[in-house]
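Before any comments, here is the structure.
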Amino acid sequence: SAAPIEVFRDPEFVGRLLPVLDRLRVYFDPVVEGFERVPEDGPFMVVGNHSGGNLTPDSGVFTVAFCSYFGVERRFHQLAHNMVLSAPGLGFLRRMGTVAASHENARRALEGGAAVLVEASEGRRSVRKVATASSGGRA
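Remember, our numbering sits 5 above the position in the sequence shown when you count from 1.
Spelled out as structure tokens, the structure:
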């Protein structure tokens, strides 16, 4: 059995922050569905793709939906780039359960029974797509 993942996830803090994160829903009008097909307990991984670089609402929107459906007590970790975790003003992410993105952290979280969110970024490709779309195809 793997050593438990080292993270300070504070369910009470998560519960207090959800209404703040839920404001993203008002602006972006996302649709998050399908939780009824996910196990009520035990580990699983959600793999997504986001195109906003490090300033994406995707993880926050998904976290609100996940915690609203399953409750803030369910073990849930988000994987994030070290640059995000060390950015000024984003220290609260660790209290939300966010850990450094690595195969080892994902494996340890899953073996510990947690749900895990990992979102790959298209990086420069996505920026090029947005630039192409907004410039009428000239990028």
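Here a beta-carbon is modelled for each residue, glycine too, at the ideal position from N, C-alpha and C.
For the pair A119 and P16, the CB atoms are not nearer than the 8 Å cut-off. Proximity to D63 across S107, G20 and L29 peaks at L29, based on C-alpha coordinates. For L84, the enclosing beta strand (DSSP E) covers residues F81 to A85.
In the three-state reduction of the DSSP assignment, T61 falls in the coil class, being assigned neither a helical nor a strand state. DSSP places F33 in the uninterrupted alpha helix (DSSP H) bounded by R28 to F33. Residue pairing by DSSP leaves G47 without any beta bridge partner.
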